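Chemist: Just passing along the structure, written as structure tokens.
Residue numbers (the working numbering), protein chains in the order written: chain W, 4 to 180; chain Y, 67 to 227; chain L, 161 to 703; chain A, 1472 to 1706.
Here it is, written out as structure tokens:
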């Protein structure tokens, strides 16, 4: 049996969803029997492969880098799962949306900086005017909200997907806790 | 909630007009909107002191007075400019060019709808329909309705105010 | 109030009826009537009178002056204009006994004035002039010769339906209020909070013939057993308010309002209450809240105001035009009224014809006339010979009908069947320079601004609909957005608390129905066929 | 006592005059979702979650505010109503800035519960993202307008139960806000009795006790029925 080519990635998030994924604990071994992990921030791969079967994507689309990344990931993945509240609703990264990018940068890099005050114009990716949920940028096949999504729920959803079913368990998820 | 009728904040004659209106309407909470009309006519806008006085005189809690004053678009809590320019944005005026008029005033005077020029001379307001559709597009300069105006006409009128 | 009049006892040979409704007043018709008086005096003309009257209808060509004795209408009579000189000449020399009466122009030919029968003929600030034209005769007849039940019967027989928009049968409303029991007061409210953009029928009636409305209210009060009433009028209509207040004062002095009206046992007191700029106050329960001095937010019905309205008492609410129909119905009988009209829509309807037509103004036509007749015969067709695109009726609660629907008859059922509504009488004609998506957005913007904010579907739904329409006119929408727009529109329609929210999606739904191709052009080709919307080309779509 | 029989979702039920559709449904274990309704306060019928279809007109009426009548046939749950209710909840989330994960009411929030109950996993429409204030001037309580859903329970409890009339409503449309007195900061209110009832009835984390952190605000609502009878009149 060929294993499902599986990837995870993140955009603007706190990596908490990935931690929750690791909370699958010993079930990770069982999962490993059914999938081949081809890309993830948790392991050391340089490039996102071109033929991924399923990918979990954490975080909101906040910067130009995120935008390019999510478009690339979408192109290369058959099934894309918005993973956690930031990806689904923008959550914490979206709290700046009401305030505006300029004010946020000013606060972070000028008001609160102790040295080298000034908004960087290189190295740091340029912010989009608003943080966006991933499905406002690319098509998403399955939504798994939660901050973070509970490990048990991740387990059920992944199993449903691997069994070739529609992921009904995602509907049990809730925003926030 | 009912208290003895409060004392007017100052000797300003205009308070007496308001008091007279309150008395005529029987000092009842029902009269709130009518009295706010009188007060706004007298002072040009409704400041916190006026709202507090009218509320106390009619036995209406401050939260209710403020709620009413902010619900209706006719009432304003900010002082207006010396002259007002109300651009009608009713349907006939809208398709007849009201948008261009507002744009022109905003550009030339550097104010948006609801704002007053820095020198406090002109306030730009919009109205949902002043019922002068046959004269579209129409603008009210102070209390004077003018119709079939081009942006240029409007600027000329504004200069002559 | 006549500027000049011939010596007492002699009726003038000719009269110049100078329009003093808001449109003409803004074109200096008050100064005109003074100036005319001066000129006639200077010319030594002593048998011509100048009279201030209400709306003459053809508002776009003001200031208007009609000489009823000769049937001549003078338009664009500015102070010192050539038209004024011609008018003075006519007044000085015309011999009404010999002058051939001109054929009425096509603007007036097919109109049937019932509501507006006095408009442009009586002096709106003179009760005697109103009385001279059978004014308060209906009230006196009702009080002396009819029981309240008989009055209501006539209204039922007339088939009159509410002219405010919804078209509920007036007689049935009256019956409900009459049947409601109370320990003390019942109220009659005249809804003069005409808020639809593009509608000025009620303003014009109040400015031209205020007593007519007061008489209707008094008859209604007698019929339902009410003893107090309010006219709830928009603060944006200062002239109408002034004339109403004058009329109330005069009627009180004449014993047509107040205690023991016409020496009967019937008492009825009327006061004016001002609106303060809230469209939603046209809705009955919001209007009541506003008269009670509160925020004008509607409440769920039932209970209906007819059972529990102002201050919890049974309350009858009719709009200006409905009430202006009452006196002629009582004078001539319900059957007479029912002869005009079509199907379940009896009588006439006043429309404010505006937009891209040649002749704009106030018109009154029998129910059942087609849109084509109104726009092309009365209105004279489209300005600059441009192609007709759509006609909007019913304001932000109504819809837009395309050229294929021009033979639709003006009656409640036909219009709603086609996806628009009769509404209060605003009728805006659009030509090919208007983008229908932009028009839909304009109305959604209106509804969003005027939403009272109480219920979620209206408060948030109008905002979301407006955001979707923004996306479309900016060229940033996809087909999913279009289906979202449709789904959301029907949800807001179904679940909103009051008529404002329930009808707010109508302009979107009707333009989607008849002008879908314009939506598709914005979405698929990213162009605006009318060239109205500024679509940013080549911009990457990010949200 | 006036008794009437009616049908809700095909089930024949009995109600008494004066009871609302919601009362009768609940006493017969038929679920109708609500958000602005709270036992013990008057009903405003503004959230529209409880709208039900009443035959034969098919009109949607709020179950919390409509009295039962003999022979009514009511659909309280259908696919159509379910979809409408989902859309209502979605729009409430999007009109302000709700961030469940960092909210004091996380996991004790009626809005969050409703989203889960209606299986909302994401929102199709765009957020409005208004810029809103937090008023923390009161000694013990604070209000975060980002989380307010305008159910007006605070306004009702303040006038109907406490009789203080501190809370009111200002503005209109999307700019509607709950306010204390004439719009001055809460801490400066001279009508507020600091009773805290508004905090207890808040369905979300908009009103909260100071010093509470994420997920720590648990409302204590059952006190209300002891204070008032059904119609919201102080007992």
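Even for Gly, the Cβ is constructed at its ideal location relative to N, Cα and C.
The model shown is predicted, which means the values in this text are computed figures rather than measured ones.
1) Which first and last residues belong to the alpha helix (DSSP H) in which residue 140 of chain Y is found?
2) Considering just the uninterrupted stretch of the alpha helix (DSSP H) at residue 20 of chain W, what are its terminal residues?
3) Going by the DSSP bridge assignment, what does residue 1483 of chain A pair with across the sheet?
4) With distances taken Cα to Cα, identify the nearest neighbour of residue 591 of chain L among L:622, L:542 and L:636.
5) In chain order, what residues of the segment 1557 to 1569 of chain A put their CB closer than 8 Å to some CB of chain L?
6) Given a threshold of 16 other Cβ atoms within 10 Å of its Cβ, counted over all protein chains shown, does residue 97 of chain W qualify as buried or as exposed?
7) With 16 other CB atoms within 10 Å as the buried threshold, where does residue 631 of chain L fall?
8) Starting from residue 10 of chain W, follow the beta strand (DSSP E) in both directions and report where the run begins and ends.
9) Using a beta-carbon distance below 9 Å, is residue 1549 of chain A in contact with chain L?
10) Give the single residue among A:1555, A:1571, A:1623 and A:1650 whose Cα lies nearest to the Cα of residue 1662 of chain A.
11) Would you kindly check if the distance between the Cβ of residue 1645 of chain A and the Cβ of residue 608 of chain L is under 9 Å?
12) Helix, strand or coil: how does DSSP classify residue 1701 of chain A here?
13) Using DSSP with H/G/I as helix, E/B as strand and the rest coil, what is residue 645 of chain L?
14) When we look at the beta-carbon of residue 41 of chain W and count the other beta-carbons within 10 Å, is it buried (16 or more) or exposed?
15) Report, in whole angstroms, the separation of the C-beta atoms of residue 147 of chain W and residue 137 of chain W, which I expect to be a contact under 8 Å.
16) Once you ignore the five residues that flank residue 87 of chain Y on each side, which residues in its own chain have a CB closer than 6 Å to its CB?
17) List, in chain order, every chain L residue whose beta-carbon is nearer than 7 Å to that of residue 1595 of chain A.
18) Could you give the residue range of the alpha helix (DSSP H) that holds residue 597 of chain L?
19) Would you mind telling me which residues of chain A sit closer than 8 Å to residue 130 of chain Y, beta carbon to beta carbon, in chain order?
20) What residues from chain A crowd round residue 138 of chain W, counting only those whose CB sits closer than 7 Å?
21) Quick check: is the beta carbon of residue 189 of chain L nearer than 9 Å to any beta carbon in chain Y?
22) What is the rounded straight-line gap between the Cα of residue 214 of chain L and the Cα of residue 633 of chain L?
23) Within a Cβ cutoff of 7 Å, which residues of the same chain sit near residue 107 of chain W, ignoring the five residues on either side of it in sequence?
24) Measure the Cβ-Cβ separation of residue 1547 of chain A and residue 1491 of chain A and say whether it is below 9 Å.
25) Where does residue 1689 of chain A land, buried or exposed, given buried means 16+ other C-beta within 10 angstroms?
26) If the criterion is Cβ atoms closer than 9 Å, does the pair residue 187 of chain L and residue 364 of chain L meet it?
27) Please classify residue 129 of chain W as buried or exposed, where buried requires at least 16 other C-beta atoms within 10 Å of its C-beta.
28) How should residue 263 of chain L be labelled, buried or exposed, when 16 other C-beta atoms within 10 angstroms of its C-beta is the threshold for buried?
29) Have a look at residue 1528 of chain A and residue 500 of chain L and give me their C-alpha separation to the nearest angstrom.
30) List the residues of chain A that residue 118 of chain Y touches, going by C-beta distances under 8 Å, in chain order.
31) Buried or exposed: where does residue 113 of chain W fall if 16 or more other Cβ atoms within 10 Å of its Cβ makes it buried?
32) Keeping to the same chain, check which residues put their C-beta closer than 6 Å to that of residue 38 of chain W; ignore five residues upstream and five downstream.
33) Please report how far the alpha carbon of residue 170 of chain Y lies from the alpha carbon of residue 217 of chain Y, in whole angstroms.
34) Contact criterion: CB-CB distance below 9 Å. Does residue 1672 of chain A meet it with respect to chain Y?
35) Could you tell me which residues DSSP puts in a beta bridge with residue 153 of chain W?
36) Over the uninterrupted beta strand (DSSP E) stretch that includes residue 1530 of chain A, give me the two end residues.
Modeler: Straight from the coordinates:
1) Taken as a continuous stretch (DSSP letters only), residue 140 of chain Y belongs to no alpha helix (DSSP H), as it is neither H nor E.
2) 19 to 25
3) A:1478
4) L:542
5) 1558, 1559, 1562, 1563, 1565 and 1566
6) buried
7) buried
8) 7 to 13
9) no
10) A:1650
11) yes
12) Bear in mind that the predicted position of residue 1701 of chain A carries a pLDDT of just 47, short of 50, making it too unreliable to give a figure here.
13) helix
14) buried
15) In fact, because the Cβ distance is near 12 Å, the residues do not count as touching under 8 Å.
16) 101 and 104
17) 644
18) 596 to 610
19) 1636 and 1639
20) 1593
21) no
22) 42 Å
23) 99
24) no
25) exposed
26) no
27) exposed
28) exposed
29) 31 Å
30) 1653
31) exposed
32) 6, 7 and 9
33) 6 Å
34) no
35) For residue 153 of chain W, which the question treats as bridged, DSSP gives no partner whatsoever.
36) 1530 to 1533
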